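J.: In the numbering used here, the protein residues as written are 0 to 329.
(1) Going by beta carbon distance, what residues of the same chain come within less than 8 Å of residue 101, once the five residues before and after it are set aside?
(2) Residue range of the beta strand (DSSP E) that residue 261 falls in?
(3) When the distance is taken between beta carbons, is residue 120 closer than 9 Å to residue 261?
(4) What are the boundary residues of the alpha helix (DSSP H) that includes residue 226?
(5) Exposed or buried, which one is residue 89 when buried takes at least 16 other CB atoms within 10 Å?
(6) Below 9 Å between beta carbons: does that hold for residue 62 and residue 126?
(7) Where in the stretch 252-306 do unbroken runs of the alpha helix (DSSP H), each at least 4 residues long, occur, reported from the N-terminal end onward?
(8) Classify residue 314: buried if its beta carbon has 16 or more other beta carbons within 10 angstroms, exposed otherwise.
(9) Helix, strand or coil: which one does DSSP assign to residue 66?
(10) If you reduce the DSSP assignment to three classes, tell me which class residue 311 lands in.
(11) Going by the beta-carbon positions, is the gap between residue 257 and residue 241 smaller than 9 Å?
(12) If you draw a straight line from the alpha carbon of residue 272 to that of residue 39, how long is it in whole angstroms?
(13) If I'm right that residue 32 touches residue 56 with Cβ under 8 Å, what's the distance once you round it to whole angstroms?
(14) At a cut of 8 Å, does the stretch 315-323 reach the stretch 231-249 through at least three beta carbon pairs?
(15) Rounded to whole angstroms, what's the CA-CA distance from residue 196 to residue 266? Just pull it up for me.
(16) Considering residue 110, what are the terminal residues of the alpha helix (DSSP H) in which it resides?
(17) Using a Cβ-Cβ cutoff of less than 6 Å, which residues in the same chain neighbour residue 18 once the five nearest sequence positions on both sides are dropped?
(18) Quick one: residues in its chain with C-beta nearer than 8 Å to the C-beta of residue 212, no 5 flanking neighbours on either side, listed in chain order?
(19) Cβ of residue 74 within 9 Å of Cβ of residue 205?
(20) So, with DSSP's three-state summary, where would you put residue 78?
(21) Could you pull the start and end residues of the beta strand (DSSP E) that residue 29 belongs to?
(22) What's the C-alpha gap between residue 20 and residue 259?
(23) Under the DSSP definition of a beta bridge, which residues are partnered with residue 45?
(24) Within 10 Å of its beta-carbon, does residue 221 have 16 or more other beta-carbons around it, so buried, or fewer, so exposed?
(25) Whose C-alpha, out of 290, 45, 305, is nearest the C-alpha of residue 216?
(26) Straight-line CA distance for residue 191 to residue 92?
(27) Identify the continuous beta strand (DSSP E) that holds residue 319 and give its terminal residues.
(28) Using DSSP with H/G/I as helix, E/B as strand and the rest coil, what is residue 40?
(29) Does the distance from the CB of residue 76 to the CB of residue 46 come in under 9 Å?
(30) Go to residue 239, then tell me how far its alpha helix (DSSP H) extends in each direction, as first and last residue.
(31) For the putative contact between residue 294 and residue 210, defined by C-beta atoms under 8 Å, what is the C-beta separation to the nearest angstrom?
(32) Give the single residue among 68, 281, 325, 326 whose Cα lies nearest to the Cα of residue 307.
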């Protein structure tokens, strides 16, 4: 059974593109995503999530082209989305690790029922609720929402942000007095950070990039034998051994040892462009082509369509999925 590669209450079609705009912490965040089957596979086993109510994007890439691939991607994404939506102002590394652990458990259980390889990669970027730092106490962060903040309920969990009424894709995130604080490691008490931040959670070889001041950086590490081989010099990067190792994942959702994800906390600055994509993009577009696309003047939806068109022009050898977030000052 093939499941739709796009999740969410808006039920976007598998080959569709979606764009949204959110307002957060003095920034305007433009978000877009899209996915293509390509020319090789009979169906799309990537999963794309572009949340309609908060700045939150994620991609998953199933392993293989069977039912286990489709089930793993859908299950992992549904689990992560429900956890992020239910977290509200408590979103943080512990919750994200717990969400991935739950996804691991559910995907492994599904694999036992199917009796076949059931696994996927998972990479997500989710903008944190507005943070205010108590400079005098040294406690941070505080996530403030008013007591009467209108939580909205849906089948997959609790939404902790709502659209700005004048913008169907807007996001309301106001810094208001907090009801609790928790000590965390962070900047000295005399420092008061401002701005917007995001968490990146990653397991497998779907990637997260950032274009800042003209420099495109790969923020994540591929969890593959090929990556380890390149780092430690096991074989030449262009060798047959490296090509084979490219498809040997060392960490993924559904792995029998339930490995933990990598977590990154990143700042969002005006002018930044973040890109989350499956290997169908990363493997078919070289560094310079991807940097050129992400540095283009078009809106994120145009960038997404251009990137996906490039994957088809490069041969369409894999399902290709990408989400782009561009940061503007208000």
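Think of the CB as a built atom: it goes at the ideal place given N, C-alpha and C, for glycine as much as any other residue. Here the structure is a predicted model, which means the values were calculated and not measured.
T.: Reading from the atomic positions:
(1) 78, 82
(2) 261-267
(3) no
(4) 224-231
(5) Result: exposed.
(6) no
(7) With a minimum length of 4 residues, the continuous alpha helix (DSSP H) runs that stay inside the stretch 252-306 are 278-281, 286-293.
(8) exposed
(9) helix
(10) helix
(11) no
(12) 30 Å
(13) That pair is a contact at about 6 Å.
(14) no
(15) 4 Å
(16) Here the alpha helix (DSSP H) through residue 110 covers 92-113.
(17) 31, 300
(18) 270
(19) no
(20) helix
(21) 26-35
(22) 31 Å
(23) 60
(24) buried
(25) It is 290.
(26) Reliability of the predicted coordinates at residue 191 is poor, the pLDDT of 36 falling under 50, and no value is obtained from them.
(27) For residue 319, the uninterrupted beta strand (DSSP E) run begins and ends at 319-328, by DSSP.
(28) coil
(29) yes
(30) 239-244
(31) 6 Å
(32) 281
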